[in-house]
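**Q** Sharing a structure here in structure tokens format.
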Amino acid sequence: MAKRKFTTEQKLAIIKEAASQGLKVTLDKHDVYPATYYNWKRQLAEQGEEHFGKRVRSQQIRQLQQLEKENRQLKELVAEKELLIRALKEAREKKT
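Numbering follows the working numbering, with no gaps: position 54 of the sequence shown is 85.
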């Protein structure tokens with residue numbers, strides 16, 4: 032049996048269909064092995080829908096995740112600084 036190729040859109044449709052119609056029914060309907068389905072689902076979770084199906088290396092994914100983590104930390108730091116500045120301004124206004 033020849034190896035079937037699914038487009039990114041088909042993979043996403045199968046994943047969504049399995050969530051609503053049931054896994055076994057969907058996989059039987061599309062003749063997809065469970066291991067293949069779970070591999071697609073893992074890739075979707077790791078890469079997100081916009082990058083799903085593109086050839087992204089795991090090193091690039093780890094680097095992107097690290098950058099996202101660093102970005103969140105920096106946003107939290109900026110928010111804390113803003114709160115501190117606001118509190119200091121309010122304290123100064125109460126003194127005057």
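The C-beta atom is built at its ideal place from N, Cα and C for all residues, glycine as well.
Could you give the DSSP three-state label for Tyr-68: helix, strand or coil?
**A** Helix at Tyr-68.
**Q** Suppose the cutoff is 8 angstroms on Cβ atoms and the five residues either side in sequence are ignored; what does the same chain contact list for Leu-54 look like?
**A** Pro-65, Tyr-68
**Q** Assuming Val-63 contacts Ile-45 (C-beta within less than 8 angstroms), just tell me the rounded distance between them.
**A** Your pair Val-63 and Ile-45 checks out as a contact, with CB atoms roughly 6 angstroms apart and the cut at 8 angstroms.
**Q** Determine whether the Cβ of Lys-85 lies closer than 8 angstroms to any Cβ atom of chain D.
**A** Checking the listed chains, one finds no chain D in this structure; it contains a single protein chain.
**Q** Please state whether DSSP places Thr-38 in a helix, a strand or coil.
**A** Three-state result, Thr-38: coil.
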